[in-house]
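Enquirer:
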């Protein structure tokens with residue numbers, strides 16, 4: 038019976054940790070966007086990297102996301118092209 042309880046505790050702990058992690062990842066962009074809109078972001082903390090992870094919510098941010106994806110795709114293609122020595 039003790040093994041079953043130990044397994045139950047472990048399962049609850051893993052599910053709880055996963056829920057907290059996924060909840061933070063889901064709500065973080067929403068909270069950052071609202072704080073930015075309200076002027077509540079602290080200037081001494083760099084959140085630019087966190088802002089880049091936001092889900093696009095406007096037409097402009099959709100265009101920015103598409104531009105970033107195209108740049109990443111071009112970088113990937115450039116990395117896969119054979120060097121002049123190999124041609």
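In our numbering, the protein residues as written are 38 to 124. For each residue, glycine too, the CB sits at the ideal point set by N, CA and C.
Quick check on DSSP: helix, strand or coil for residue 101?
Expert: What you label residue 101 is simply residue 64 of the chain shown in a count that begins at 1. In the structure shown, residue 101 sits in a helix (DSSP, three-state: H, G or I).
Enquirer: Using C-beta distances below 6 Å, list every residue in its chain close to residue 47, excluding the 5 sequence neighbours before and after it, in chain order.
Expert: Here residue 47 refers to the residue found at position 10 when the chain shown is read from its first residue. Hits under 6 Å: none found.
Enquirer: In three-state DSSP terms, what is residue 43?
Expert: On the chain shown, position 6 is the one that residue 43 refers to. Correct three-state label for residue 43: helix.
Enquirer: Distance, Cα to Cα, residue 45 vs residue 51?
Expert: To locate residue 45, count along the chain shown from 1; it is residue 8. To locate residue 51, count along the chain shown from 1; it is residue 14. Rounded to whole angstroms, residue 45 to residue 51 spans 10 Å at the Cα level.
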